[in-house]
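Counting with our numbering, you get residues 16 to 347 for the letters of the sequence shown. For reference, the structure is listed below as structure tokens.
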Amino acid sequence: MQWKVESIHMHAAPLDYFLHAAGPAAGPTMVLGWALAALSMAVIVIVALLLAVATARRRRIEADHAGPTIVRDEKTGMRWVYIGTGISSVFLIAALAYTLFTLDSVAAPPRAPSLTLTVTAYDWWWKVEYSDADGGPALVTANEIHIPVGEPVKIVLKSADVIHAFWVPQLAGKTQTIPGQINEQWIQADAPGVYRGQCSQFCGAQHAHMAFEVVAQDHAAFDAWRSTEAKPATPVAGAANALALHGQKLFLDRCAGCHTVRGTDANGAQAPDLTHLDTRRLIAAGTMTNTREHQLDWIAHAQRIKPDSLMPSIALTANDAAALSAYLATLH
Ligand code: HEC
16 MQWKVESIHM HAAPLDYFLH AAGPAAGPTM VLGWALAALS MAVIVIVALL LAVATARRRR
76 IEADHAGPTI VRDEKTGMRW VYIGTGISSV FLIAALAYTL FTLDSVAAPP RAPSLTLTVT
136 AYDWWWKVEY SDADGGPALV TANEIHIPVG EPVKIVLKSA DVIHAFWVPQ LAGKTQTIPG
196 QINEQWIQAD APGVYRGQCS QFCGAQHAHM AFEVVAQDHA AFDAWRSTEA KPATPVAGAA
256 NALALHGQKL FLDRCAGCHT VRGTDANGAQ APDLTHLDTR RLIAAGTMTN TREHQLDWIA
316 HAQRIKPDSL MPSIALTAND AAALSAYLAT LH
């Protein structure tokens, strides 16, 4: 079965990210987040009300007695400080205990994960690696993580440069990726669909454009996707494909230093693997939908679309652009 973009729908009205957890790792942390937000709001409202009352009372006192206000009863004043500190401490300790219990409840998945992925954060995209340790084929892709629905999946998190954070709000809490260190996270999606993820640790100019998607599929669709992605690309050959052949040559000359296309001589390691570029829903780490026009726009204007990104803008003649586009279309 061929993996089809249209067959998947987004679980993603913006508020959904924070209102509807889609798996057991996210439910308790989402409730915790709202509980802590409600507590903070209550504190702000209470402090504001007390301040308003105090201001009004002071005006009245000043109106009654002209001249400086005299503190008449120091003990009564201090009593309010003790009461205030006491009440705040009770709520803070309760919030701490609730937070620790919640973190503990989502620390480990309900059963051993059947799949382990390695995700490495780069300025400003995500490398995704499946190993053959679980019996499926190994592969490398970027910015799009496929998982089987209803299964806990372990994610080993690394960083290639600075500190980033891996966060799919509907599937789990956030976890940092730290250079030289390996962190772990588990996610599980209870319903098929596309769940948006985002770098949530400020990591530089294009931090906001460092998104990714988790695509949860039933087992058959997931296995089909995985076996497609694991295959090398078929190099273009033959006079019938003159345009794509020219595009392939351009790719090897201008792009292969950074990008890999498995099955060809392109084996650059500092940029997203493009072997099956055409199967991805989005490009440039969630910035644009993956259409032919957007691909060419990105290649010509990467520095305008994501200023400071590590992909240069590459000027091409109309003929070269058409050839490159014809070649990229073979990467399915
Ligand atoms: C100097 C290294 C470099 C060169 C040369 C380069 N790229 Fe890139 N490319 C990158 C990096 C880094 C990214 C990720 C940028 C980001 O999303 O922040 C990228 C992203 C892309 C993407 C989006 C992939 C995705 O899944 O998001 C495409 C498509 C792409 N490049 C095509 C090309 C083509 C075609 C060429 C040659 C004409 C090329 N690149 C040359 C470094 C390079």
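Idealized CB from N, CA, C, for every residue including glycine. Owing to the predicted nature of the structure, the values given are computational and were not obtained by experimental measurement.
Around the Cβ of residue i, are there at least 16 other Cβ atoms within 10 angstroms (buried) or fewer (exposed)?
| i | result |
| --- | --- |
| residue 167 | buried |
| residue 227 | buried |
| residue 159 | buried |
| residue 232 | buried |
| residue 327 | exposed |
| residue 342 | buried |
| residue 93 | exposed |
| residue 22 | Bear in mind that the predicted position of residue 22 carries a pLDDT of just 42, short of 50, making it too unreliable to give a figure here. |
| residue 73 | exposed |
| residue 17 | Here residue 17 scores only 39 on pLDDT, less than 50, and its place in the model should not be relied on; the value that follows carries that caveat. It is exposed - the Cβ of residue 17 has fewer than 16 other Cβ atoms within 10 Å. |
| residue 332 | exposed |
| residue 173 | buried |
| residue 321 | buried |
| residue 56 | exposed |
| residue 102 | exposed |
| residue 135 | buried |
| residue 52 | exposed |
Taking the alpha carbon of residue i as the point to measure from, which residue in the options has its own alpha carbon closest?
| i | options | result |
| --- | --- | --- |
| residue 157 | 114, 225 and 191 | 225 |
| residue 209 | 44, 260, 343 and 162 | 162 |
| residue 141 | 255, 133 and 147 | 133 |
| residue 269 | 67, 336, 229 and 221 | 336 |
| residue 338 | 258, 30 and 322 | 258 |
| residue 113 | 313, 54 and 193 | 54 |
| residue 282 | 251, 211, 312 and 155 | 155 |
| residue 284 | 295, 272 and 294 | 272 |
| residue 42 | 265, 184, 319 and 170 | 184 |
| residue 128 | 115, 169 and 262 | 169 |
| residue 165 | 330, 253, 237 and 194 | 237 |
| residue 347 | 318, 317, 144 and 244 | 244 |
At a threshold of 7 Å, does residue i count as lining the ligand HEC (C-beta to nearest heavy atom)?
| i | result |
| --- | --- |
| residue 334 | no |
| residue 269 | yes |
| residue 214 | no |
| residue 264 | no |
| residue 327 | yes |
| residue 274 | yes |
| residue 139 | yes |
Can you list, in chain order, the residues of its chain whose CB lies under 6 Å from that of residue i, leaving out five sequence neighbours each side?
| i | result |
| --- | --- |
| residue 151 | 241 |
| residue 35 | none |
| residue 149 | 130 |
Looking only at its chain, what residues have a beta carbon closer than 7 Å to the beta carbon of residue i, apart from the 5 residues adjacent to it on each side?
| i | result |
| --- | --- |
| residue 126 | 167 |
| residue 298 | 305, 309, 310 and 313 |
Note down, in chain order, each residue of its chain lying with its Cβ closer than 8 Å to the Cβ of residue i, except the 5 sequence neighbours on either side.
| i | result |
| --- | --- |
| residue 323 | 219, 220 and 221 |
Within the present structure, is the beta-carbon of residue i separated from the nearest heavy atom of the ligand HEM by less than 7 Å?
| i | result |
| --- | --- |
| residue 56 | Here the bound small molecules are the ligand HEC; the ligand HEM is not part of this structure. |
Kindly confirm or deny that the stretch 93-111 and the stretch 180-187 touch, where touching means at least three C-beta pairs closer than 8 Å.
no
The stretch 269-281 / the stretch 289-298 touching (three or more Cβ pairs under 8 Å):
yes
At a cut of 8 Å, does the stretch 195-206 reach the stretch 301-308 through at least three beta carbon pairs?
no
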